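All remarks here apply to the structure that follows.
This is how it looks when you write it as structure tokens:
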């Protein structure tokens, strides 16, 4: 592939993925409102378009048209920079997510992924650790006590759970022997019992524990229920984004939902075998079915997020810290030791 | 391409480092340091050290500097006060910087290249090789470092605890 084709293909892929992710963000918001409404025996939005399907559009227009207020006495530069940083960082992780095998269009074969890097998983973890800054700076620069408390909580929570998050993935890495997300998926090929969560293939060990530790830590990383203390509305108004309005608030919102999608993608790739699933039918269907399975698995995690939001109450702050440090981290280390021992003994 | 990117990130690194010293507010200085760390990570990446680059981002930019920013936010540190600065410092300091820089440059330029030239981006070690080297050839230094960090953690706990008993 020459440079020109490469650039054209890359730009098309980036535009396509961005469009899909941002649209998905908008409709996940609607899905969340609808599902939570059903869980609470309400209807949810149903006035804008059929079944309220145009609600995301209306919300988007509202965000754009609202007055964009900047309170007095904020640190202007950082106040404006924080939401941009949060959104940019959230969208960056999507770049390394593989969502299918390669595809051939007009004689150009390209992998279904924006870019395949050797250290993709470390890249994702690195970007996650950078994402703390957006939240921390948003709260600090707002010059408001609620926002500051919210961002302090958020930073402490994200730093604490990042450890368990990273360690919970080591079991998968031991078995895949690679940090490339594509190779991790390829290592799980050949039937659902080769998926890392079941892990009954040769040289594998079930990563059920790792999976649940990852889910717990990832929920905390994305500040979602039951770990949404940074925006506990009963105590902190809206937490770190209290002082934000219009599109700046929308940027935090979109970043949160993008982070949910990323968590779903990573969990799918690492534990549920990525795009692997039954493939049949004509050639076109054969190339598109893996993408369908991938999206379906990611959708499962999105649904789980919303389901849990509709079900569980919020943790207390000391419970949150104790759970992260005294339960998740030791369990994650235990998982690494057991997996390493089993893989070593079997090889 | 590699050379061009190297100079961009090197300039960013030096610029952020100077900004760190010039800024008056501690949080701006801390954020400049984050930029320095990230630019360094990019230079490691250009050299082909992918793992080191990722660890640089995760550990320095993601963990250590977050704690810096966290503490600055928690203590709500204000702008630093400027003193006029001593004349002796500016008299000896500024020429001192140039002399030191000159000496370092002279030593580097005076050294002949080692056995072979390693071009930018021509050397790609796998993460597995790093792990193997770390846990076999360099096991003792590695373990000693972990003990050192453990001691530092214990020291931090002791210092943090002392306040309660008073």
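Chains as they are written, first to last, in my numbering: chain Z, -8 to 338; chain E, 109 to 274.
Yeah, the Cβ is synthetic: ideal placement off N, Cα and C, and Gly gets one too.
On a predicted model such as this, the values are computed, not experimentally measured, just so you know.
Closer than 8 Å, CB to CB, is residue i near chain Z or not?
i             : result
residue 124/E : no
residue 265/E : no
residue 235/E : yes
residue 159/E : yes
residue 181/E : yes
residue 170/E : yes
residue 165/E : yes
residue 255/E : no
residue 147/E : no
residue 143/E : no
residue 207/E : no
residue 239/E : no
Going by the CB atoms, is the gap between residue j and residue i shorter than 8 Å?
i             : j             : result
residue 143/Z : residue 109/E : no
residue 77/Z  : residue 122/Z : yes
residue 264/Z : residue 176/Z : yes
residue 47/Z  : residue 243/Z : no
residue 156/Z : residue 322/Z : no
residue 231/Z : residue 130/Z : yes
residue 59/Z  : residue 236/Z : yes
Which residues in the same chain as residue i place their Cβ atom closer than 7 Å to its Cβ, once the five residues preceding and following it in sequence are excluded?
i             : result
residue 189/Z : 183, 197
residue 159/E : 235, 238
residue 114/Z : 87, 108
residue 331/Z : 165
Looking at the structure shown, is residue i part of a helix, part of a strand, or coil, going by DSSP?
i             : result
residue 96/Z  : strand
residue 6/Z   : helix
residue 203/E : helix
residue 43/Z  : helix
residue 15/Z  : helix
residue 218/Z : coil
residue 245/E : coil
residue -7/Z  : coil
residue 133/Z : coil
residue 409/Z : Outside the modelled stretch of chain Z, which goes from -8 to 338, sits residue 409/Z, for which no answer is possible.
residue 32/Z  : coil
residue 385/Z : Residue 385/Z falls outside the range modelled here, since chain Z spans only -8 to 338, and no answer is possible.
residue 255/E : helix
residue 234/Z : coil
residue 245/Z : helix
residue 213/Z : coil
residue 228/Z : coil
residue 234/E : coil
residue 110/E : helix
Ordered along the chain, which non-local residues of its own chain (more than five positions away) have a Cβ less than 8 Å from that of residue i?
i             : result
residue 308/Z : 144, 220
residue 306/Z : 217, 218, 220, 314
residue 233/Z : 133, 135, 137, 138, 141, 227
residue 262/Z : 163, 186, 187, 188, 198, 201, 202, 205
residue 333/Z : 196
Only counting the same chain, and skipping five residues up and downstream in sequence, which positions put a Cβ closer than 6 Å to that of residue i?
i             : result
residue 238/Z : 54
residue 110/Z : 170
residue 248/Z : 16, 19
residue 84/Z  : 115, 118, 253
residue 143/E : 124
Tell me, please, whether the CB atom of residue i is closer than 8 Å to any CB atom in chain E?
i             : result
residue 123/Z : yes
residue 358/Z : Lying outside -8 to 338, the shown extent of chain Z, residue 358/Z is not represented and no answer is given.
residue 230/Z : no
residue 114/Z : yes
residue 127/Z : yes
residue 150/Z : yes
residue 336/Z : no
residue 320/Z : no
residue 170/Z : yes
residue 131/Z : yes
residue 180/Z : no
residue 78/Z  : no
residue 143/Z : yes
residue 311/Z : no
residue 117/Z : yes
residue 278/Z : no
Item to complete: Quick one: which unbroken beta strand (DSSP E) runs of 3-plus residues sit fully inside the stretch 51 to 126 of chain Z? Chain order, please.
Response: Runs of the beta strand (DSSP E) inside the stretch 51 to 126 of chain Z: 93 to 96, 99 to 102.
Fill in: Complete runs of the beta strand (DSSP E) confined to the stretch 255 to 309 of chain Z [at least 3 residues]
Listed in chain order, there is nothing to give.
Worksheet item: Taking the runs of the alpha helix (DSSP H) that are 4 residues or longer, which of them lie wholly in the stretch 137 to 209 of chain Z?
Response: Fully contained in the stretch 137 to 209 of chain Z are the following alpha helix (DSSP H) runs of length 4 or more, in chain order: 161 to 167, 172 to 177.
Worksheet entry | Ranges of the alpha helix (DSSP H) found wholly within the stretch 135 to 215 of chain E, counting only runs of at least 4 | 158 to 163, 173 to 183, all fully within the stretch 135 to 215 of chain E.
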